[in-house]
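A.B. asks: Taken in order, these protein sequences are the chains called A and B. Numbered per our numbering, the first sequence spans residues 5 to 387. Numbered per our numbering, the second sequence spans residues 5 to 607. We put the beta carbon where it would ideally sit given N, CA and C, even for glycine.
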Amino acid sequence: MEKAGLYIHIPFCVQKCLYCDFLSFSGRFQYAKQYADQVCREIEFKKDWGKKLEFDSVFIGGGTPSSIEPEWIAQILNKARTVFSFAPDSEITIEVNPGTLSQAKLKAYSEMGINRVSMGMQSTSDRLLHSIGRVHSKEEGIHCALTLAQYFTNRNIDLISGIPGIDGEQPQTMAELQEDLAFITAMQVPHVSIYSMITEPGTPLYQLTQENKVIACDDELERQMYHHIREYLILNGYDHYEVSNFARPGYVCKHNMKYWQGSPYLGIGLGSASFLPWDHNSDTYVRSTNETDLMKYLDQVEFAPKEEILIPLDERRCEYMMLGFRRIKGPDPELYQSLFQQDLYKDFDSHLSYLHTMEYIRSDLSLTKKGMDYANHIFEMFV
Amino acid sequence: MNKQENIRNFCIIAHIDHGKSTLADRILEKTGVLTQREMEDQVLDNMDLERERGITIKAQAVRLNYQGQDGNEYVYNLIDTPGHVDFNYEVSRTLAACEGAILVVDASQGIEAQTLANVYQAIDHNLDIIPVINKIDLPAAQPEVVRKEIEDVIGLPADEAPLISAKAGIGIEDVLEAIYKNIPGPKGDPQAPLKALVFDSYYDAYRGVIVYVRIKDGSVKKGDTIRFMSTGNAYVVTDVGWFKPGALQSSDCLECGEVGYIAAAIKDITDATVGDTITLSDRPAKDPLPGYKKVQPMVFCGVYPVDGADYEALREALFKLKLNDASLTFEPETSQALGFGCRCGFLGLLHLEIIQERLSREFNLDLITTTPSVIYHVYAPDGSMSTLDNPSNMPDPTKIEHIEEPIVKAMIMTPKEYVGNIMELTNDRRGVFINMDYIEENRVMMTFEMPLNEVIYDFFDSLKSRTRGYASLDYEMLGYRASKLVKLDIYLNGSVVDALSFIVHEEKAYSRGRRIAEKLKEVIPRHQFEVPIQACIGGKIIARETVKAYRKDVLAKCYGGDITRKKKLLEKQKEGKKRMRQFGNVEVPQEAFLTVLKLDSNN
């Protein structure tokens, strides 16, 4: 049976951050219970979808899953476990945010079989946390990270680099970023995701930028930060395994790797995306997206996808390359061979030799430093 | 057959937005040519571009039958005229095809500079003018004030001017009645040798050039051999007829006084130029109709395909456009930076923009347009003069004694509260104030002498934005005058980009050079190395900017739910890069060339 990932979306948040473009919203907790019930119904409805799959990773993301009652998380997880087949060594992750956690919640997560926790810290600077609309302080973040460590070994912390100066604030400085990094190593967190801030259209940050109320982080500084992060974390025993992800040995995120390896995944819950073989021809895959309106989702009986895109074989190959180059090691030729029964080097000969001449990649397909800085040039070649 | 005395050939003169097209629609509706349901709004402006911009670019004609209250049956030929200063020659040929004109004046806005210019032109062509006051249903309408204005400013009796609302359909019958009463039937001798005035033409893939004509003398029918008097070329007529909205109606013969079309399998498009006279080969007229002139383009620029392989397609497209547009000129040109392209001549900046848009819309061409230029007169030390319309061909400074540039008389009509703004703008554009007349208590006509090269750089747009759209502009050539002009070059990463060079007055070179460098810095994407941008005059650097090496060019996040969107984003970026031009190792987006054009519009 093919190994697959299961994604479960919990859209509730205490407060939506200014930069956030995920499908989430502040409050509306009155619907949380109803939502959990509906997610369970969706799992039941999609029973057959999971028949040919074995899930060895589950990711409960958001939103802020830790902002709702743990018993509802347990209800969903138990439902998924009964309906689908889980591998014995499954990685089961939940996303949490400081300010929404308690010892009791963590204990409950651990008891329901969750074995990995991903915490949204974003920054250790109070002024920046405040300016981007986070609900927690540095102090609460530290407290939360320490508590997590008592219950879980497999932990991740999310950080943001290149934070712009919003509404009178100055942008993030290199010194502030260095403090964030010191925090990571001090906490001995085995996995860290550091995203360079993206101003996505439709977010309040975008709006403020249009209104000239934002001082962007200087492009040169943003790159210096990126280079610094990489050097610092490698020096401290982390492997830089994806554009924005670092892990100590044995702590690579199994679930996220699926996205960059062309593996199938099933998304459950509001706006979730699935990537699964097409019923009529398994060479072709379907990427489908769930209903994105909460009220409509809660009323659904049929769970018809809001959008469905067919990805035929050729496009799947290209997508494999595009996503594969998000990994610092580059796409895996052996995995490519096993997925497509073809030779990656032959299929993409001219692309690869161009990328090589441009010094974006090495002959083993791994990204050079230049390749990491201009990775979009690489990705674009495969869209 | 139509009796000559019952034919009325007329056009409608109006300022943009005063309701010309709406009135034309109403007339069509009233005379039963179209029912309201059949009619797409503003039938006569049938190019998308015309509808979007609310202007008429191409002349159009349509025949209507009208049952007059006097009991006679009339044939009305309504000829729609272009309405922008760029198209003055087309307007003059259309006027020459008519005996009368309806002058539409907005009851709240009154007369505008352009209206006035067109009215004077109509008077010059001896047309009988019927003033009509439109939009009387608007709250701000002041029909009596406007009536007086027409009498005072233009000197036309307006006491019987119909008060109408084309939009609401009020007073249309009055207009229709006034036409046969006030406009004379066409004169001309039906027995004389054929003289047909070409006032427009377009290319039909199956029938060749369809020529719009007004028969001034004689008649023409299928099978006749016709001759264009300016070229001497002869053709056998395959079809004649008249115009229904959006279609042609064949007829046996076009008689003296009629307006219609001639098809004669004309393949050589340059043979059917506006203003030419058609006669019969075996019985030719002695002299052509007066007024034919080869239109002189005033503004020139290089037009290049983004993809070099499209050069032939570009030429082909220009040939086709030229068919409908005698004023468009082009010849092959090569730029070091842009490869093969065409040097095109236009009547003005609007004309340029329209051609550019049509090339991209109708022919799907991706184009780069270089900075427009006027024709300069360059005098060598030995006193000899050469013309220059391409900055790249500017001779070495040692070989220039002096340069002269074209000067126009610009007439601006405006409500008086904007006089200060206009003085400021014209001052900035090297305008010399000549005088100011009060047209009425609140409106003035200001006259300036201005270098044409200042007028072509989005002067009209700036004028509109500084007067909240109220000012109107017209200009005419005055002649050439010596001026201190220099060539400004732009260097990217150390190499000159010929397509960005332009000629500018010495005093303005610094500020312009600086602003171009600043703008280019914004639009040129970051490369993997620093890109210096320099503005230079004769090797002297007057402005410098640097595009820094780094930019964020990696998507920080890409997970399951995001892949579709991220792919679209990357596709868009990739598409954008395709539209770039490579100069040495610097990629320049098309926008950069436009930026130089529109430098002042963001003020």
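From this set, Pro188(B), Ser487(B), Gly222(B), Ser499(B), which residue's C-alpha is nearest Glu511(B)'s C-alpha?
C.D. replies: Nearest option by C-alpha distance: Ser487(B).
A.B. asks: From what residue to what residue does the alpha helix (DSSP H) around Asp462(B) run?
C.D. replies: Unbroken run through Asp462(B): none, as it is neither H nor E.
A.B. asks: For Asn82(A), name the three-state secondary structure that DSSP assigns.
C.D. replies: If DSSP states are grouped into helix, strand and coil, Asn82(A) belongs with the helices.
A.B. asks: Going straight from the alpha carbon of Pro385(B) to that of Thr402(B), what length do you get?
C.D. replies: Roughly 9 Å between the two C-alpha positions.
A.B. asks: With DSSP run on the structure shown, which of helix, strand or coil describes Pro337(A)?
C.D. replies: DSSP places Pro337(A) in helix when its eight states are reduced to three.
A.B. asks: Beta-carbon separation of Lys570(B) and Leu559(B) under 7 Å?
C.D. replies: A contact, by the Cβ cut-off of 7 Å.
A.B. asks: Tell me the residue span of the beta strand (DSSP E) that contains Asp1(B).
C.D. replies: Since the first residue of chain B shown is 5 and the last is 607, residue 1(B) is not available in this structure.
A.B. asks: Are there 16 or more other CB atoms within 10 angstroms of the CB of Met178(A), so buried, or fewer, so exposed?
C.D. replies: Its Cβ having fewer than 16 others within 10 Å, Met178(A) is exposed.
A.B. asks: For a contact meaning CB atoms closer than 8 Å, what does Asn260(A) contact in chain B?
C.D. replies: Here the neighbours are Tyr563.
A.B. asks: Determine the direct distance from the alpha carbon of Ile494(B) to that of Val535(B), and round the result to whole angstroms.
C.D. replies: Cα to Cα, Val535(B) sits roughly 13 Å from Ile494(B).
A.B. asks: Should Val558(B) be flagged as near chain A, meaning a C-beta pair shorter than 7 Å?
C.D. replies: Taking Cβ atoms only, chain A reaches closer than 7 Å to Val558(B), which makes this a yes.
A.B. asks: Taking only beta-carbon positions, decide if Leu524(B) is within less than 7 Å of chain A.
C.D. replies: By this cut-off, Leu524(B) is not an interface position.
A.B. asks: First and last residue of the beta strand (DSSP E) that includes His134(A)?
C.D. replies: Per DSSP, His134(A) belongs to no beta strand (DSSP E); it is in the alpha helix (DSSP H), 130–135.
A.B. asks: Could you spell out the range, first to last residue, of the alpha helix (DSSP H) harbouring Thr430(B)?
C.D. replies: Per DSSP, Thr430(B) belongs to the alpha helix (DSSP H) from 423–432.
A.B. asks: Is the CB of Arg330(A) under 7 Å away from at least one CB in chain B?
C.D. replies: Chain B, which has a Cβ nearer than 7 Å to the Cβ of Arg330(A), makes this yes.
A.B. asks: Does the distance from the CB of Ile154(B) to the CB of Pro166(B) come in under 7 Å?
C.D. replies: Their beta carbons are not under 7 Å apart, which means Ile154(B) does not touch Pro166(B) by this criterion.
A.B. asks: Do you know how far the Cα of Arg585(B) is from the Cα of Ile528(B)?
C.D. replies: If I take the Cα positions, the gap works out to 11 Å.
A.B. asks: Taking Val412(B) as part of the alpha helix (DSSP H), name the residues at either end of that continuous run.
C.D. replies: From DSSP, Val412(B) is part of no alpha helix (DSSP H) but of the beta strand (DSSP E) over 406–419.
A.B. asks: Using CA coordinates, which residue listed in Ala186(A), Val87(A), Glu235(A), Pro74(A) is at the minimum distance from Lys111(A)?
C.D. replies: Out of Ala186(A), Val87(A), Glu235(A), Pro74(A), Pro74(A) has the C-alpha closest to the C-alpha of Lys111(A).
A.B. asks: Should the region 315–332 of chain B be regarded as contacting the region 203–210 of chain B, the criterion being three or more beta carbon pairs within less than 8 Å?
C.D. replies: Contact between the region 315–332 of chain B and the region 203–210 of chain B is present, because at least three Cβ pairs lie under 8 Å.
A.B. asks: Which same chain residues end up closer than 6 Å to Ser292(A) when comparing Cβ atoms and leaving out the 5 residues on each side of it in sequence?
C.D. replies: Answer for Ser292(A): Ser278, Pro309, Glu312, listed in chain order.
A.B. asks: Which residue from Gly266(A), Asn160(A), Phe383(A) puts its Cα closest to that of Ala8(A)?
C.D. replies: Looking at the Cα atoms, Gly266(A) is the closest of the given residues.
A.B. asks: Is DSSP giving Leu371(B) helix, strand or coil here?
C.D. replies: Note: Leu371(B) maps to strand in three-state DSSP.
A.B. asks: Residues of chain B with a CB under 8 Å from the CB of Ala379(A): which are they?
C.D. replies: Neighbours of Ala379(A) on chain B, chain order: Asp557, Val558, Leu559.
A.B. asks: Under the rule that 16 or more other beta-carbon atoms within 10 Å means buried, what is Gln176(A), buried or exposed?
C.D. replies: It is buried - the Cβ of Gln176(A) has at least 16 other Cβ atoms within 10 Å.
A.B. asks: If we ignore side chains and look at the alpha-carbon of each, how far apart do Tyr442(B) and Pro419(B) end up?
C.D. replies: Taking the straight line from one Cα to the other gives about 10 Å.
A.B. asks: For Met5(B), which residues of its own chain have a beta-carbon under 6 Å away from its beta-carbon, when the five flanking residues on both sides are left out?
C.D. replies: Bear in mind that a pLDDT of 47 at Met5(B), under 50, signals an unreliable position, so the model cannot answer this.
A.B. asks: Could one say the Cβ of Ile98(A) lies closer than 7 Å to chain B's Cβ atoms, at least one of them?
C.D. replies: Not one chain B Cβ lies under 7 Å of Ile98(A).
A.B. asks: Looking at chain A, is there any beta carbon in it that lies within less than 7 Å of the beta carbon of Lys576(B)?
C.D. replies: By this cut-off, Lys576(B) is not an interface position.
A.B. asks: Check the C-beta distance from Leu318(B) over to Val303(B) and give it rounded, since I have them as a contact under 8 Å.
C.D. replies: At roughly 18 Å, the Cβ-Cβ gap does not stay under 8 Å, so Leu318(B) and Val303(B) are not in contact.
A.B. asks: Between the alpha carbons of Gln46(B) and Leu293(B), how many angstroms are there, rounded?
C.D. replies: Any reading at Gln46(B) is ruled out, since the residue's pLDDT is 43, under 50, leaving its predicted position unreliable.
A.B. asks: Is there a C-beta anywhere in chain B that falls below 7 Å from the one on Ala277(A)?
C.D. replies: By this cut-off, Ala277(A) is an interface position.
A.B. asks: To the nearest angstrom, how far is it from the Cα of Asn368(B) to the Cα of Asp377(A)?
C.D. replies: The alpha-carbon atoms of Asn368(B) and Asp377(A) are separated by roughly 35 Å.
A.B. asks: Taking Cβ-Cβ distances shorter than 7 Å, what residues in chain B pair up with Met376(A)?
C.D. replies: By Cβ distance, chain B contributes Val558.
A.B. asks: Check for me: the beta strand (DSSP E) holding Val544(B) runs from which residue to which?
C.D. replies: Checking the sequence, you will find Lys at residue 544(B) rather than Val. Segment 544–551, the beta strand (DSSP E) holding Lys544(B).
A.B. asks: Just verifying my parser: in three-state terms, what is the DSSP assignment at Trp282(A)?
C.D. replies: Trp282(A) falls in the coil class under three-state DSSP.
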